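Q: Everything in the sequence shown is counted per the numbering used here, starting at 70 for the first residue and increasing by one.
My structure is below; once you've seen it, I'll send some questions.
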Amino acid sequence: MAKPFRIVHSSLSIPSDVKILRAAEYASFLEAEDILQAAKDRAEEIITSSEAAFEQARQRGYEDGLEEGKLEHSEKIMDTLFESIAFVERLEHASVELVQHAVDKVIADIPPEERIVSIVKKGLGHIQNESAVTIKVSLSEVEYVQNALTELGATFPAMTLDIHGDKRLQDGDCLLETVMGIVDCKLSTQLKAINKALTRRVGKAS
70 MAKPFRIVHS
80 SLSIPSDVKI
90 LRAAEYASFL
100 EAEDILQAAK
110 DRAEEIITSS
120 EAAFEQARQR
130 GYEDGLEEGK
140 LEHSEKIMDT
150 LFESIAFVER
160 LEHASVELVQ
170 HAVDKVIADI
180 PPEERIVSIV
190 KKGLGHIQNE
200 SAVTIKVSLS
210 EVEYVQNALT
220 ELGATFPAMT
230 LDIHGDKRLQ
240 DGDCLLETVM
250 GIVDCKLSTQ
260 LKAINKALTR
270 RVGKAS
């Protein structure tokens with residue numbers, strides 16, 4: 070099984086050109102008033118710049134017809150989302166339910182065709198030594214991945230990629246079959262790993 074997104078304790082630096090979790094999503098986590106106010110002030114600065122950059126990048130993608138550019142932006146959103154969990158995890162009295170709600174909300178904002186291709190690319194990145202990979206996704210998302218086959222082939226030129234829809238899989242699910250076995254890189258699996266880590270962290274802090 071592929072490693073889920075790793076939660077780290079290093080300081081978080083959020084790029085200015087990607088969407089972030091708003092400070093309001095964290096408000097109930099914070100007890101110290103000075104920390105809360107500082108977070109709100111900083112968030113306002115980041116939100117202003119990130120929303121402007123997001124709109125500019127999206128408009129440029131539409132004008133140029135660069136699907137790859139749009140996908141890259143979605144991948145940055147996903148990266149920042151999971152990096153943001155590191156910040157939440159350090160808060161002693163974090164509410165796991167609220168964190169999960171915030172995560173779900175951000176993921177819901179990403180178009181499904183961009184989200185599933187991003188998940189597939191990240192999964193393939195874990196098995197770059199494999200020469201032949203069968204990609205299995207939900208029936209409703211198989212076309213999205215097929216449309217991105219040229220891009221995936223360019224990113225992983227040493228791999229022979231075969232794409233199939235599987236009626237047992239839900240949207241956001243992705244299984245990678247190789248001669249060595251099956252790699253589970255489902256979005257739901259990664260979210261469960263995050264939820265488990267947060268629950269364990271909060272349990273230690275309480």
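We put the beta carbon where it would ideally sit given N, CA and C, even for glycine.
What you are looking at is a predicted structure, and each value in this text was computed from that prediction instead of being measured.
(1) State buried or exposed for Arg237, treating a residue as buried only when at least 16 other CB atoms are found within 10 Å of its CB.
(2) Apart from the five residues on each side of it in sequence, which residues of its chain come closer than 6 Å, Cβ to Cβ, to Leu233?
(3) Once you ignore the five residues that flank Val211 on each side, which residues in its own chain have a CB closer than 8 Å to its CB?
(4) Using 7 Å as the cut-off, classify the Cβ of Thr229 as near or not near the heavy atoms of the ligand COA, replying yes or no.
(5) Residue range of the alpha helix (DSSP H) that Gly192 falls in?
(6) Span of the alpha helix (DSSP H) holding Gly222?
(7) When the distance is taken between beta carbons, is Pro181 closer than 8 Å to Asp240?
A: Straight from the coordinates:
(1) exposed
(2) Reading the sequence as shown, one finds His at residue 233 and not Leu. Closer than 6 Å at Cβ, skipping near neighbours: Lys205.
(3) Ile232, His233 and Gly234
(4) You won't find the ligand COA in this model; it holds no ligand whatsoever.
(5) Pro181 to Gly194
(6) Leu218 to Thr224
(7) yes
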